[in-house]
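Numbers given in the working numbering equal positions in the sequence shown, counted from 1, plus 1.
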Amino acid sequence: MNLWRADWNRFVREALGVTLDKEQQEILSSVQHNRRTSVASGTARGKDFVAACAAICFLYLTPRWRKNSLGEIELVENTKVALTAPTDRQVKNIMMPEISRLFNRAKARGVELIGKLNAYDIRTNNDEWFLTGFKADEHNHEAWSGFHAVHTMFVITEATGIGDDTFAAIEGNLQGDSRILIVFNPNTTVGYAAKSQKGDRWHKYRLNSLTAPNIVNKKTIIPGQVDYDWVLDKLENWCTRISPDEVRSEMDDFEFDGQWYRPEDLFRKKVLGLFPKVDEDTLIPPQWLEEAHERWRQANGHEPLRADLNILGVDVAGMGRDSSCYVLRRDNWVASFDAHNSGGSADHMKVAGKIMVTRRRNIELFVSIDTIGEGAGVYSRCVELEEEPQYIISCKYSEGAKTPNGRELTDLTGQYKFVNMRAYLFWAVRDWLNPKNNTGAMLPPDDKFDEEATEIKWSFRSDGKILIEPKEDIKDRLGRSPDKFDALANTFYPVRNARPINVNRIAKMIRR
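Here it is as structure tokens:
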């Protein structure tokens, strides 16, 4: 039993007689070790099956017993598992049949799982140890109240069909040793399930039908999963053939059997396990971020030995805000974001001190500080302390989008102009990440940054200039300020790179 408790995949193989593919095994391991697991999936990719495996593992591998003074075995750590879906049919005809098959497979292998299997649950001889399934009722959140145990698990299928209020009720039970596993086809980009694939609280997985064993091997390896002929049909009906020179990553173009395809939204959702194509007004497509992250990983996160531009972007926290954020950009390489909680109060001198320490380590470092609001005090203090104040930049989002010489700034193509400096800086991040521009952007993986970047909207003003939506609109959707994105945007403030070398300052550094 201890071997199975230590390795749920072993329990599934040996006790249930089940073969999971590599990606399903990773999902099961995540549920074993992590509180929150989110799975976006293509059709017939086994998402409900692996969810059932996880539920059975949790039900039977987490309870604990001991002998009492009378020599009787008693349950000292109980377990409750709840399965739910938007409709009763999905619970009764999809989730519970998967549970039943696993329960009966174990029995056929001589492994007697305790409890009685019913249409909607598994009941043991202890009222505090069970698995149950029921419809998620938007008007009956009381169903979730009091669902407490030493070990609790919530499995939600077709999670995009369940409202945020229901998830809020479920979240109230995530205490102690608890798990939540949500599985879904990514039909919509809004709601709790969609956010789970962006937020840093979750361990995130995607089941792509094209990587299923039946497709890779072009024959049935796992009965019941997606098959090769079905995929061929969807390629012809839900995709457009394209040539290699037409490939655009932001369109989720992909290669299959030597041919490039551009998917329609149906193919994205039902086969690739991807969300519908991002709206045209989204500033940063998620695919661009993935490419920049991959380049950063390939470089093992190592910063370049030499760089023409070294600039630190600083977004200063104030009253009621979460964090002051710092990020270093050296040409096209970005360091990991450094965020410090402000505790709800402004600490300008501490921020200024950190900046000056960083400046002393790198005499060619520019520092770009947002000076609208809280950053003004930090900027003033840094200028006061700095021997070469030209390296400290006042980055005002509200000012005109112009160079230090007064020339109006444009995008990389020279076609677009901007309403203000904020619009220019945000678009500069977009230009930097756009694969068409071949900048080689290297960005560290960061779920919070990605969530911020893909939430920002842009538009054209009546005069044709680019406008970024108000920060308050972004905060309303995110539930927080986009501090990390602001900090990176600050590093794109136009600066003159050539600076005279201060010999006296170098001499002081040597004497230290």
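Even glycine gets a Cβ: it sits at the ideal position worked out from N, Cα and C.
inquiry  = To the nearest angstrom, how far is the alpha carbon of D309 from that of L275?
reply    = 38 Å
inquiry  = Rounded to the nearest angstrom, what separates W9 and S250 at their Cα positions?
reply    = 37 Å
task = Could you pull out every unbroken alpha helix (DSSP H) segment of at least 4 residues lying fully inside the segment 446-499, listed in chain order?
result = 448-454, 472-479 and 484-491
Beta-bridge pairing of M443 - partner residues as DSSP gives them = W334
message = When you compare the CB positions of N311 and R296, do they come within less than 8 Å of one another, or not?
response = no
request  = Grab the span of the beta strand (DSSP E) containing A136 for me, first residue to last.
outcome  = In the sequence under discussion, the amino acid at residue 136 is Lys, which differs from the Ala named in the question. Element bounds for K136: F131 to K136.
request  = Find the nearest neighbour of D176 within the set A213, K81 and Y229, judged by alpha-carbon distance.
outcome  = Checking the sequence shown, residue 176 turns out to be Gln, not Asp. The candidate whose alpha carbon is nearest that of Q176 is K81.
inquiry  = If I follow the unbroken beta strand (DSSP E) through D122, where does it start and stop?
reply    = D122 to R124
inquiry  = How far does the beta strand (DSSP E) with P98 in it extend, from its first residue to its last?
reply    = It is not in any beta strand (DSSP E) - P98 instead sits in the alpha helix (DSSP H) that spans M97 to A109.
request  = Use the C-beta contact count for Q391: other C-beta atoms within 10 angstroms, 16 or more gives buried, fewer gives exposed.
outcome  = exposed
query = From N438 to M252, what does the alpha carbon distance come to, in whole angstroms?
reply = 16 Å
ask   = Alpha carbon to alpha carbon, what distance is there between D339 and E400?
value = 27 Å
request  = Go ahead and pull the three-state DSSP assignment for S381.
outcome  = helix
ask   = Distance, Cα to Cα, L236 vs V217?
value = 15 Å
ask   = For the putative contact between N491 and S369, defined by C-beta atoms under 8 Å, what is the C-beta separation to the nearest angstrom?
value = 4 Å
task = Report the three-state DSSP secondary structure of D228 (helix, strand or coil).
result = coil
query = In terms of residue numbering, what span does the alpha helix (DSSP H) encompassing S244 cover?
reply = Note, S244: premise wrong, no alpha helix (DSSP H); not H, not E.
query = Can you list, in chain order, the residues of its chain whose CB lies under 7 Å from that of L427, leaving out five sequence neighbours each side?
reply = It should be noted that the sequence gives Phe, not Leu, for residue 427. So the list reads L284, I457, I469 and A490, once near-sequence residues are dropped.
ask   = Are the CB atoms of T38 and L182 nearer to each other than 8 Å?
value = yes
request  = Identify, in the order they occur along the chain, each residue of the same chain with its Cβ nearer than 8 Å to the Cβ of R110, setting aside the five sequence neighbours on each side.
outcome  = A16, L17 and G18
6 Å CB neighbourhood of L386 in its chain, flanking five on each side removed = M357
query = Name the DSSP bridge partner or partners of D234?
reply = D234 pairs with nothing; no bridge assigned.
ask   = Taking Cβ to Cβ, would you say E129 is nearer than 8 Å to A150?
value = yes
query = Where do the ends of the alpha helix (DSSP H) carrying R361 lie?
reply = H349 to R362
query = In its own chain, which residues sit with a C-beta less than 8 Å from the C-beta of W5, not counting the 5 before and 5 after it?
reply = R11, F12, E15, A16 and L62
key: Residue closest to W145, alpha-carbon to alpha-carbon, out of N126, D165 and N174   = N174
ask   = Would you call T161 buried or exposed, if buried means 16 or more other Cβ atoms sit within 10 Å of its Cβ?
value = buried
message = Whether or not the segment 186-200 and the segment 41-49 are in contact is what I'm after, with contact meaning three or more pairs of Cβ atoms, one per stretch, closer than 8 Å; do they touch?
response = yes
key: Outcome for G225 when other beta-carbon atoms lying within 10 angstroms are tallied against a minimum of 16   = exposed
query = Whose C-alpha, out of A336, S460, A86 and E453, is nearest the C-alpha of K476?
reply = E453
ask   = CA-CA distance, Y494 and E292?
value = 24 Å
message = If you reduce the DSSP assignment to three classes, tell me which class F367 lands in.
response = strand
task = Let me know if L267 comes out buried or exposed under the rule of 16 or more other beta-carbons within 10 Å of its beta-carbon.
result = exposed
task = Report the residue from K397, P286 and L84 whose alpha carbon sits nearest the alpha carbon of V156.
result = L84
query = How many angstroms separate the CA atom of T1 from the CA atom of Y417?
reply = Absent from the model: residue 1. The displayed extent of the chain is 2 to 513, so no value can be given.
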